Every structure is written in structure tokens, then in C-alpha cells.
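The working numbering puts the sequence shown at residues 973 to 1360.
C-beta: ideal position from N, C-alpha, C; glycine also.
All values derive from a computational prediction rather than experimental measurement.
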Amino acid sequence: MLTKVILIGNSEEFRFSMKLFPEMLLRLLEEKGVPVLMIRPKTIFGKLAPWAGRLGKWLFYIDKFLLFPFYLRRTLRQERAPGLVVHVCDHSNAMYVRCLSKVANIVTCHDMMPIRSALGEIARNPTSWTGRCFQRMILKGLKNAKFVVCVSTATQRDFLRIAQYPKYKTQIVFNSLHYPYTPMPETEARVRAQALIGADAPFLLHVGGDAWYKNRGGLVAMYAEMRRIWRKKGTCVLPKLVHAGPPLDNEVRPFLEEDPEMEVDMIGLQDVDNEDLRALYSCAELLLFPSWNEGFGWPIIEAHACGCRVVTTNKAPMTEVGGSAAFYIEPLRPTEAVATILKVLDQEPVARLQSVENGLANAARFSEDRMISDYIETYRHLVGERKT
């Protein structure tokens, strides 16, 4: 019988999405009445990193690789009991599986891109020697896990191929929305959006970090081409590009000689909270999400849940997450991609409304209840609890 779940999360300075996931699991398990405890590496030596220069990352490694395993083993001695499951919420912490050999354990694998890069499969993202060593540790941990959940079919496919792991010990559990995104009333959304971008103007939206696979250069190049086309057509007001994430200064620089105003019409927003992001999704003409790869692609369902049309890459897992509701492009064919984007922007009102309704229906597939029920069923399976 399942008696308790210990979640292993990431330290506080970790990137946004990988902090959200364990926190979401913690909340949902508590709501379902499952006894749960979350532990994570504490930043102790890592606090000195800003003064350590190039050696700063090694201070974080002390916290991660030396201190936390001691804390984890001590916690297991205190909490160990029949029916205990330990869930490593982020596969980048899979090296902790070596501490879990005597307890039921599960790892959620969010993507295989860093491991693929370390193996030389992704030429555009070369990996350093230390990076390759780190990814080998992660892969070894994944191979030794008692069960692995993948967040998409694409991630599972890469994992099974690379790890040579038994398929019967894996399961696909799609992520749910981590926040109750819904269409914001138009007046409220426009007031919020105008305060954020400084104008009441049409805009395209991009949401994402600065990782190589986000294809930020392709995003800016597509926007530049759209501006050229709009100018040729005599469009009076050119839609802006709002990007929620790190600045795109380097990506836009090559286009400024031809189009100096482009820098003004590209509006970067950092640290956008959920309600402001909800407003942006609700007002945007569309979400442009041309990633080369993703592990899942949360912005796709966030946008759909807010009634925002989505144009994304014609590749899994984007096609899995967007389903039949999204519009797809091939970023390697920018001319065709831009034509598709413009076609979506030019939809007649009836077709646009249908696209919005399709997106809302698509987002409903990714419910919190479905996700947490799948995880709880997997936990029970691991401790030998039979279905009633």
C-alpha cells in the first residue's frame, strides 16, 4: 500500500519550469490526500559563486553532489517504511538513484536533448568535456531507475533508443497546466497588456528562454521577413513582437541596418507573472513558437487555454501537444513558414473563432486531475498495490 511519496526537487536557483513541476506535484498530491514530502539540494557553498568567477559552478556542484546525497540518505533512514516511493522530479538529478536502490523509485524524464548533445547527435549544440561527464552520470541514473515516466512520446522514444531501457518500465504522462490559465476578459486583458508593452497595438507573442533549441534567431528572422511583406503591402500599423524571456539583442542586431525600427517594435519582458502572461496570451494575435526541439512545450497549451492561436514547429513533441488545434511550420523553410503565419493572421472571423475553440478544447486534454491520477497509479504499481 502506498504510504508516502518523497519528491526530490531542484535547488532554488534552478530554471523556472523545472522548479514549477515538483511544486505542482507537491500541491496536487496534498490535495489528493497522499502523504508527501519534498526535499531539494540547499544552496550553501553555491552562495559564494558570484565571487568565485569561473570556478563558481563547482561550488554548486559541492552542494549538489557531495552535500545533498548525505541529506537524502539521512531522510531515507528517517522516513523508510513499506509503501514509500521516492520520485526524482527532474531527470537531471537522476544521479541520486544510486542512493535509492533499496526503495521504490521513479524518475520523470522531461527531455533527452542534453544527453543527445553529449553523444554528438545535435551538432548545433556542442557539449564540453565536463558536460559530457555530467550527462553520462544522468544517463546511468536513468538506466538504474526502477521506473521512468516521460512527458511526451518523443521523449520516451529517444530515451528507449539511447538507454536501451525496457519499455514496460516506462510510461508517458503528459504535463498539465501549472496555472489555471483561461481567457481573460478583453477589457482587463488589454489594460494589462498596454501597461506591459506601452501601447495598444496588435502583437505576436513568443514565450521562452535563451536555450539553443528555442530557435530565437529563426524567430527574429521570420518577424523581419513579415515586416518586409507588410511594408510592401502598405500596412499602416505593423504588429509588434512581444517576447517574454531574456532579451533578443544579439538576434535582432543583424537586421537593424535595413530596418532600424524593428528594435523598437520588439518588446522584451522579463519576470512576467502568471496573470500578466495570461493577459498577453489573451490579447496576442498568435503565439509564435518555432523551437527546434522541446521536451514538452508548456507555452503551447498555456496559449490555447487563453484562447490564443498557436504557430509552432511541425515536429514532435510540439505536434503531440498542439494536436489538430495548432498551425505548423518547418523552421528550415522560412519562406513557407512566414506564408503560413501570415495566413493564420489573415483568418476570417469565423475561421479565427473556430481556431480559438479548437485550442480551448486541446488545452482541456492536459488536466491536473488526469496527470496526478496517472502518477498516483504509477506509485501504487511500484509498491505492489493492486487496483480495487
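Residue i - DSSP class collapsed to helix/strand/coil
| i | result |
| --- | --- |
| Phe1299 | strand |
| His1150 | coil |
| Thr1125 | helix |
| Leu1143 | According to the sequence provided, residue 1143 is Gln. The question's Leu does not apply to it. Gln1143: strand per DSSP, three-state reduction. |
| Leu1072 | coil |
| Ile1201 | helix |
| Ile1374 | Residue 1374 lies beyond the range of the chain shown here (973 to 1360); nothing can be said about it. |
| Arg981 | According to the sequence as given, residue 981 is Gly; it is not Arg. It is coil, neither helix nor strand. |
| Val1209 | coil |
| Lys976 | strand |
| Ile1094 | coil |
| Val1236 | helix |
| Ala1196 | helix |
| Cys1081 | strand |
| Leu1111 | helix |
| Met1419 | Residue 1419 lies beyond the residue range present for the chain, which begins at 973 and ends at 1360; the question has no answer from this structure. |
| Phe1261 | strand |
| Thr1285 | strand |
| Val1224 | helix |
| Phe1175 | strand |
| Val1214 | strand |
| Leu1304 | coil |
| Val1293 | helix |
| Val1120 | strand |
Counted within 10 angstroms of its Cβ, other Cβ atoms place residue i as buried (16 or more) or exposed
| i | result |
| --- | --- |
| Tyr1351 | buried |
| Thr1080 | buried |
| Val1322 | exposed |
| Trp1270 | buried |
| Gly1181 | exposed |
| Met1238 | buried |
| Leu1258 | buried |
| Leu1042 | Before going on, a small fix: residue 1042 reads as Phe here, not Leu. Burial call: exposed. |
| Thr1307 | exposed |
| Leu1111 | buried |
| Leu1325 | exposed |
| Asp1083 | buried |
| Ala1171 | exposed |
| Arg1133 | exposed |
| Cys1071 | buried |
| Ala1167 | exposed |
| Gly1092 | exposed |
| Thr1207 | exposed |
| Leu1220 | buried |
| Asn1222 | exposed |
Beta-carbon proximity check, residue i vs residue j, cutoff 9 Å
| i | j | result |
| --- | --- | --- |
| Leu1048 | Val1075 | yes |
| Arg1200 | Asp1231 | yes |
| Asn982 | Ser1064 | yes |
| Ser1124 | Phe1146 | yes |
| Val1283 | Leu1260 | yes |
| Val1355 | Met996 | no |
| Asn1286 | Ile1301 | yes |
| Ala1251 | Arg1162 | yes |
| Gln1136 | Asp1346 | no |
| Val977 | Leu1056 | yes |
| Ser1254 | Glu1158 | yes |
| Ser1263 | Tyr1195 | no |
| Lys1004 | Ile1348 | yes |
| Leu1332 | Gly1294 | no |
| Ile1169 | Leu1241 | yes |
| Pro1211 | Ala1165 | no |
Given residue i as reference, the closest of the options once Cα atoms are compared
| i | options | result |
| --- | --- | --- |
| Asp1248 | Thr1285, Tyr1153, Gln1128 | Tyr1153 |
| Leu1149 | Ala1277, His1215, Met1084 | Ala1277 |
| Pro1155 | Gln1050, Ala1256, Pro1007, Arg1342 | Ala1256 |
| Asp1127 | Leu1354, Asp1318, Asn1265, Ala1298 | Checking the displayed sequence, the identity of residue 1127 turns out to be Thr instead of Asp. Considering only alpha carbons, the answer is Asn1265. |
| Leu1039 | Ile1016, Leu1354, Leu1228 | Ile1016 |
| Ala1298 | Leu1220, Trp1184, Phe1037, Asn1334 | Asn1334 |
| Leu1213 | Leu1176, Val1121, Glu1197, Asp1221 | Leu1176 |
| Val1192 | Pro1098, Tyr1033, Val1121, Val1310 | Val1310 |
| Leu1044 | Ile1034, Val1058, Ala1053 | Val1058 |
| Asp1062 | Leu1317, Trp1202, Ile1011 | Ile1011 |
| Asn1097 | Asn1187, Arg1108, Leu1210 | Asn1187 |
| Ser1339 | His1353, Asn1246, Tyr1151, Glu1229 | Tyr1151 |
| His1353 | Glu1093, Met1234, Val1121 | Val1121 |
| Val1060 | Glu1160, Leu1009, Gln1050 | Leu1009 |
| Lys1141 | Pro1218, Lys1115, Asp1130, Arg1164 | Lys1115 |
| Gly1190 | Pro1303, Leu992, Leu1001, Arg1164 | Pro1303 |
| Val1209 | Phe1227, Met1234, Pro1219 | Met1234 |
| Asp1245 | Phe1268, Val1236, Ala1095, Ala1216 | Ala1216 |
| Pro1086 | His1178, Phe1131, Ala1275 | Phe1131 |
| Lys1342 | Leu992, Lys991, Leu1000 | First, the amino acid is wrong: residue 1342 is Arg here, not Lys. Checked all of Leu992, Lys991, Leu1000; the closest Cα to Arg1342 is Leu1000. |
| Leu1317 | Met1198, Lys1118, Gln1050 | Met1198 |
| Lys1118 | Glu1160, Gly1103, Ser1073, Trp1101 | Ser1073 |
For a minimum of 3 consecutive residues, which ranges assigned as the beta strand (DSSP E) are wholly contained in the segment 1027 to 1070?
1056 to 1060
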